[in-house]
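Notes to accompany the following structure.
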Amino acid sequence: MTEHGHSQQEVAARINAPPGRGVLRDVVYGGVDGSVTTFAIVAGVAGAGLSPFIIVALGLANVLADGFSMAAGNYSGTKAELDNIRRIRAIEARHIEQHPDGERREVREILLQKGLSGPVLDDATDAITANHDNWIDLMIEGEYGLGSVDPHPLKAAMATFLAFLVAGMVPLLPFLFSMDRAFAVSTWMTMGVFFAIGALKSRWSLSPWWRSGVETFLIGGAAALIAYLVGSLFHP
Numbered sequence: 001m002t003e004h005g006h007s008q009q010e011v012a013a014r015i016n017a018p019p020g021r022g023v024l025r026d027v028v029y030g031g032v033d034g035s036v037t038t039f040a041i042v043a044g045v046a047g048a049g050l051s052p053f054i055i056v057a058l059g060l061a062n063v064l065a066d067g068f069s070m071a072a073g074n075y076s077g078t079k080a081e082l083d084n085i086r087r088i089r090a091i092e093a094r095h096i097e098q099h100p101d102g103e104r105r106e107v108r109e110i111l112l113q114k115g116l117s118g119p120v121l122d123d124a125t126d127a128i129t130a131n132h133d134n135w136i137d138l139m140i141e142g143e144y145g146l147g148s149v150d151p152h153p154l155k156a157a158m159a160t161f162l163a164f165l166v167a168g169m170v171p172l173l174p175f176l177f178s179m180d181r182a183f184a185v186s187t188w189m190t191m192g193v194f195f196a197i198g199a200l201k202s203r204w205s206l207s208p209w210w211r212s213g214v215e216t217f218l219i220g221g222a223a224a225l226i227a228y229l230v231g232s233l234f235h236p
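In structure tokens:
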């Protein structure tokens, strides 16, 4: 867990510029999917007994096309999330203008649920509703359960694409370099990537690194096994 200072200056700087959810979800999502989908192609084509050239061609097509598709989808989804937050802010601004007393009661109820009461509750309600932006921010969080930090669509898309590209190239490397027993090497390298992604993910969770690694390893391994078995059905 990252340590941080608690001086007045450090606290003010940190609270006034929260980092938001970051790109961890996007990196894990892109990395796991890049490994799974590319190795699924490798396993499926290898199971069907086709040539390494076809494996490389289809694998590269997947890394570039599917990686871009995932990034575009993540961009669109994150942008839709951002647009929804802006829409809700506009609704709350209109409600404050048209029904200030009712919106004030909502602020009071939110603060009451946070443990405030008595004169402190009254003073806090007055202080928050005296500032239009702070009023809306509290409603966004308390009424809709949305974060106060806007997501970044382009940053999310780039993180997904780069993670997909890096992880997705791993299963292809043995075939690109014409290694002996390329499929076996690709299998072990891909399983290593699955475990590494899971172990790295544990840095931001309470789960032990080995448990998180094994979990991701099993998920990716199951997908790879399914692809190989399907491909083997078409082996001549």
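If you count the sequence shown from 1, position 112 lands on 112 in this note's numbering, and the numbers rise without skipping. Virtual Cβ for every residue (Gly too), placed ideally from N, Cα, C.
Closer than 6 Å by C-beta to residue i: which residues in its own chain qualify, once you throw out the five before and the five after it? Chain order, please.
i                 : result
glycine 47        : Tyr228, Gly231, Ser232
valine 28         : Lys201
phenylalanine 234 : Ala48
Where do the ends of the alpha helix (DSSP H) carrying residue i lie?
i                 : result
valine 185        : 182-201
tryptophan 209    : 209-232
histidine 132     : 132-144
leucine 121       : 118-129
aspartate 26      : 24-47
phenylalanine 164 : 153-169
phenylalanine 175 : 173-176
Would you please state the rounded distance, in angstroms, between the beta carbons of residue i and residue j? I believe it to be under 8 Å.
i             : j              : result
glycine 30    : threonine 160  : 4 Å
glycine 220   : valine 32      : 7 Å
isoleucine 88 : aspartate 150  : Going by Cβ atoms, the distance from isoleucine 88 to aspartate 150 rounds to 12 Å, so no, they are not a contact pair.
lysine 201    : valine 23      : Wrong, their Cβ atoms sit about 13 Å apart, outside the cutoff.
alanine 93    : isoleucine 136 : 6 Å
tyrosine 75   : proline 171    : Not quite, the Cβ-Cβ distance comes to about 25 Å (not below 8 Å), so this is no contact.
alanine 72    : alanine 157    : 7 Å
valine 107    : leucine 138    : 6 Å
Can residue i and residue j be called in contact, C-beta distance under 8 Å?
i                 : j              : result
phenylalanine 175 : alanine 182    : yes
serine 35         : valine 185     : no
phenylalanine 164 : methionine 70  : yes
leucine 116       : alanine 127    : no
arginine 105      : threonine 129  : no
alanine 199       : tryptophan 188 : no
isoleucine 110    : glycine 142    : yes
alanine 224       : alanine 43     : yes
threonine 38      : valine 63      : yes
Counting only the same chain and skipping the five closest in sequence on each side, list residues whose C-beta sits under 8 Å from that of residue i.
i           : result
glycine 102 : His95
valine 214  : Phe195, Gly198
In its own chain, which residues sit with a C-beta less than 7 Å from the C-beta of residue i, not counting the 5 before and 5 after it?
i           : result
glutamine 9 : none
proline 52  : Phe175, Ala182
leucine 112 : Leu121
In the region 60-111, which residue ranges form an unbroken alpha helix (DSSP H) of at least 4 residues, counting only runs that do not cross its ends? 67-98
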